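Residue 47 is where the sequence shown starts when you use my numbering, and the numbers rise one by one after that. One structure below.
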Amino acid sequence: MNIDFAVLIAGIIIAVALFFLIKDITKLIINSILGLLILFFVNLFNIMGSLGRPDVPYSLVNVLLCILGGIPGALIVIVLHLLGIEGF
Numbered sequence: 047m048n049i050d051f052a053v054l055i056a057g058i059i060i061a062v063a064l065f066f067l068i069k070d071i072t073k074l075i076i077n078s079i080l081g082l083l084i085l086f087f088v089n090l091f092n093i094m095g096s097l098g099r100p101d102v103p104y105s106l107v108n109v110l111l112c113i114l115g116g117i118p119g120a121l122i123v124i125v126l127h128l129l130g131i132e133g134f
């Protein structure tokens, strides 16, 4: 009887942990997609051109910053591009 109860408790704990893990992963995926969309729309609507700068290039580093950083990562890439830091 005690083993069944322990297995039930362990199953509940694992289910709750997986729920929170999947919920966090979903938030990260949505944030990454939004970061890439911000970079895409900045180039699509030529926002940098209206500020006197060329479009933000789609380099590996810029895309990785947008994927890993999400919305803040995209804003960092845009601000660095506006400041003239073109090292990547």
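The beta carbon of each residue, even a glycine, is placed where N, CA and C say it ideally should be. The structure presented is a predicted model; accordingly, all values stated were derived computationally and were not measured.
Checklist line | Three-state secondary structure assigned by DSSP to residue 50 | finding: In this structure, DSSP gives residue 50 a helical state, which the three-state scheme calls helix.
Notebook entry, point to check: Cβ of residue 111 within 8 Å of Cβ of residue 102?
Noted result: For residue 111 and residue 102, no; Cβs fall outside 8 Å.
Next item on the list: Count the other C-beta atoms from every protein chain shown that fall within 10 angstroms of the C-beta of residue 108, then say buried if there are 16 or more, exposed otherwise.
Entry: By the 10 Å Cβ count, residue 108 comes out buried.
Check: Apart from the five residues just before and just after residue 49, which ones in its own chain have a Cβ nearer than 6 Å to its Cβ?
Finding: Here residue 49 has no same chain residue with a Cβ atom under 6 Å from its own Cβ, once five neighbours each way along the sequence are excluded.
Margin query: Would residue 120 and residue 84 qualify as a contact pair, given that the criterion is a beta-carbon distance under 8 Å?
Written below: The Cβ atoms of residue 120 and residue 84 sit closer than 8 Å to each other.
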